[in-house]
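Position in the sequence shown (first residue = 1) + 193 = my numbering.
Ideal placement from N, C-alpha and C gives every residue a C-beta, glycine not left out.
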Amino acid sequence: MKITKICCIGAGYVGGPTMAVIAQKCPDIQVTVVDLNTDRIALWNHEDLNNLPVYEPGLDAVVAEARGRNLFFSTDVDKAIDEAQLIFISVNTPTKTYGSGKGMAADLKYIELCARQIARVAKTDKIVVEKSTLPVRTAEAIKSILDHTGNGVQFQILSNPEFLAEGTAVQDLLNPDRVLIGGDQSPEGQKAIDALAEVYMNWVAPANIIRSNVWSSELSKLTANAFLAQRVSSINAISELCEKTGANVSEVARAIGMDSRIGSKFLKASVGFGGSCFQKDILNLVYISKSFGLVEVADYWEQVIIMNDHQKRRFANRIVQTLYNTVADKKICFLGWAFKKDTNDTRESAAIYVAGHLVAEQANIGVFDPKVEQPQIIFDLEESGVSQNSRKRVTSYEDAYQASEGAHAIAVLTEWDEFRHYDWQRIYNNMQKPAFVFDGRNLLDGKKLTEIGFVYQAIGS
Ligand code: NAD
Ligand code: UGA
């Protein structure tokens with residue numbers, strides 16, 4: 194089957210950029226991205242491309258090229274489902290906050306709602322593609338809902354997990370290491386895989402498009418994120434040992450990374466990983482393992498999260514201890530709030546945890562992030578359970594110079610490149626002395642800062 198009309202349900206960090214790139218690379222395919230969130234859709238349609246709801250380097254140009262040509266953003270979910278031959282489900286799958294599996298299992302209510310809506314609306318055969326990250330065997334549930342419509346419509350369910358990382362989404366989508374498509378092993382299933390593969394073949398080499406059964410595909414996505422997060426927790430564990438022994442974690446990372454079996458990527462010690470997926474997906478893996486009675490497997494992966502929580506707590510404690518065991522009414526400047534550079538996404542950012550810890554100690558926090566503003570910061574703190582009184586202690590500023598004015602210390606929470614190039618002498622002049630820098634990203638030039646007069650502390654040295 195030749196695909197000419199695609200619908201994607203969910204215009205978020207995955208649905209938006211992924212569909213923009215598909216539309217750019219496949220001008221003959223009409224791509225409609227739909228969402229219940231009218232504000233989000235309005236921003237995707239906003240004429241000022243600086244206002245897109247997702248900030249990603251290069252995304253504005255991709256959207257500018259395709260939007261209105263063959264890329265459309267809409268709130269009319271039914272119409273887009275009805276017209277499409279292929280439907281991506283790219284809705285959020287957060288950790289459950291209620292009921293059985295609370296705090297661990299993936300909440301599949303949004304996925305199920307999509308499946309029910311497709312079942313209700315579809316009048317012609319459809320290929321339904323899981324783009325969201327889902328627990329292994331979710332396709333079974335979707336299929337069961339779709340197969341009971343009684344109207345004779347045939348559905349094929351594929352798993353096509355997304356491996357893009359935020360901040361590099363456009364590049365990752367244009368040059369993916371691989372595209373994974375899982376499908377039913379029947380002839381119809383294989384035809385559906387071929388149809389989706391053909392879409393990707395507009396710009397991805399066939400050798401990089403790999404096929405598997407649905408369950409392997411679903412589990413590969415959880416496994417990839419677990420392995421990546423595990424590397425961060427591993428190097429962070431070593432960073433603590435470095436601080437005790439006089440070793441330097443960057444030197445250790447370089448030395449082990451040159452072993453081609455280990456590789457040099459994802460070995461950057463930090464204040465701890467954040468983002469909407471690593472923790473959620475590992476918790477999900479832990480939950481699935483436990484549900485099969487695989488206690489050792491569950492414990493093994495849970496340790497990655499335990500280590501990450503420890504690293505965030507350790508960073509916050511170190512600030513308090515170094516500032517003479519009290520931060521009450523002191524001003525701490527946060528450089529960065531996003532969970533990594535080049536994104537406006539703050540979900541599960543380590544900054545939220547560290548801020549929560551410090552305001553509980555009655556510190557005042559001045560934040561500067563190039564892409565995050567006050568309302569989002571306050572929302573994040575509220576979501577993480579920080580009281581209204583404590584939230585009042587956090588203020589965001591227009592630039593780093595204002596945020597650090599009169600501060601006792603600076604904490605680097607996000608590795609934005611621009612932080613490196615500031616006038617650090619000017620920042621130093623306007624701070625309380627001794628002026629401390631806690632570099633949670635090992636981003637800054639510690640030698641230069643020390644020469645200026647800062648007391649500089651990095652992770653893992
Ligand atoms: P997101 O929260 O940014 O976007 C999801 C969107 O789906 C929201 O705008 C929401 O309004 C919409 N939505 C929910 N239910 C809907 C419904 N019934 N009908 C229409 N719209 C609906 O989430 P995201 O970051 O894009 O993640 C989506 C999925 O992709 C998750 O499963 C995630 O694990 C996975 N994933 C995310 C990333 C990432 O970098 N963020 C990378 C790979 C995979
Ligand atoms: C991650 C994966 O890299 C993607 O492949 C995956 O598609 C995505 O999750 C997902 O499923 O959501 P993302 O979370 O966007 O992508 O960003 P990463 O670059 O993986 O960084 C995650 C966190 O780990 C960030 O807080 C980052 O600062 C931290 N990190 C990463 C480190 O602390 N050290 C490192 O060496 C690498």
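Grab the span of the alpha helix (DSSP H) containing residue i for me, first residue to last.
{"i": "Arg-404", "result": "It is not in any alpha helix (DSSP H) - Arg-404 instead sits in the beta strand (DSSP E) that spans 402-406."}
{"i": "Ala-596", "result": "593-597"}
{"i": "Gly-486", "result": "Neither: Gly-486 is in no alpha helix (DSSP H) and is coded neither H nor E."}
{"i": "Ile-274", "result": "270-276"}
{"i": "Ile-234", "result": "231-237"}
{"i": "Thr-643", "result": "639-645"}
{"i": "Gly-450", "result": "442-450"}
{"i": "Arg-454", "result": "Per DSSP, Arg-454 belongs to no alpha helix (DSSP H) and is neither H nor E."}
{"i": "Asn-582", "result": "581-584"}
{"i": "Ala-257", "result": "252-259"}
In the DSSP output, what is residue i paired with across the bridge?
{"i": "Gly-376", "result": "Asn-406"}
{"i": "Tyr-621", "result": "Bridge partners of Tyr-621: none, in fact."}
{"i": "Ile-350", "result": "Val-321"}
{"i": "Val-214", "result": "Its beta-bridge partners do not exist; DSSP assigns none."}
{"i": "Ile-603", "result": "Cys-526 and Val-630"}
{"i": "Gln-650", "result": "Phe-631"}
{"i": "Val-224", "result": "Ile-199 and Leu-264"}
{"i": "Leu-434", "result": "Bridge partners of Leu-434: none, in fact."}
{"i": "Phe-281", "result": "Cys-201 and Val-322"}
Confirm, please, whether the CB-CB distance from residue j to residue i is below 8 Å.
{"i": "Leu-606", "j": "Val-520", "result": "no"}
{"i": "Asp-377", "j": "Gln-349", "result": "yes"}
{"i": "Ala-398", "j": "Trp-494", "result": "no"}
{"i": "Lys-524", "j": "His-614", "result": "no"}
{"i": "Leu-528", "j": "Phe-561", "result": "yes"}
{"i": "Asn-441", "j": "Cys-435", "result": "yes"}
{"i": "Val-214", "j": "Phe-281", "result": "no"}
{"i": "Leu-279", "j": "Leu-389", "result": "yes"}
{"i": "Gln-472", "j": "Glu-541", "result": "yes"}
{"i": "Glu-608", "j": "Leu-636", "result": "yes"}
{"i": "Gln-569", "j": "Gly-599", "result": "no"}
Need the endpoints of the beta strand (DSSP E) that residue i sits in, please.
{"i": "Leu-264", "result": "264-267"}
{"i": "Thr-588", "result": "587-589"}
{"i": "Phe-572", "result": "Segment 567-576 is the alpha helix (DSSP H) holding Phe-572; no beta strand (DSSP E) there."}
{"i": "Leu-301", "result": "Neither: Leu-301 is in no beta strand (DSSP E) and is coded neither H nor E."}
Could you check if residue i is buried or exposed, using at least 16 other CB atoms within 10 Å of its CB as the buried criterion?
{"i": "Asn-582", "result": "exposed"}
{"i": "Ser-577", "result": "exposed"}
{"i": "Thr-290", "result": "exposed"}
{"i": "Val-488", "result": "exposed"}
{"i": "Tyr-517", "result": "exposed"}
{"i": "Ser-325", "result": "buried"}
{"i": "Glu-355", "result": "buried"}
{"i": "Arg-233", "result": "buried"}
{"i": "Asp-370", "result": "exposed"}
{"i": "Thr-231", "result": "exposed"}
{"i": "Glu-566", "result": "exposed"}
Is residue i helix, strand or coil by DSSP?
{"i": "Cys-307", "result": "helix"}
{"i": "Lys-198", "result": "strand"}
{"i": "Gly-343", "result": "coil"}
{"i": "Val-560", "result": "strand"}
{"i": "Phe-532", "result": "coil"}
{"i": "Thr-288", "result": "strand"}
{"i": "Ala-358", "result": "coil"}
{"i": "Asp-616", "result": "coil"}
{"i": "Tyr-546", "result": "helix"}
{"i": "Gln-504", "result": "helix"}
{"i": "Glu-240", "result": "coil"}
{"i": "Ala-555", "result": "One point to set straight first is that residue 555 is Gln, not Ala, in the sequence displayed. Residue state, collapsed to three classes: coil."}
{"i": "Asp-610", "result": "helix"}
{"i": "Glu-249", "result": "coil"}
{"i": "Asp-538", "result": "coil"}
Is any non-hydrogen atom of ligand 4 found closer than 7 Å to the C-beta of residue i, if you look at the structure I gave you?
{"i": "Gly-205", "result": "Ligands present in the displayed structure are limited to ligand 1 and ligand 2, and ligand 4 is not among them."}
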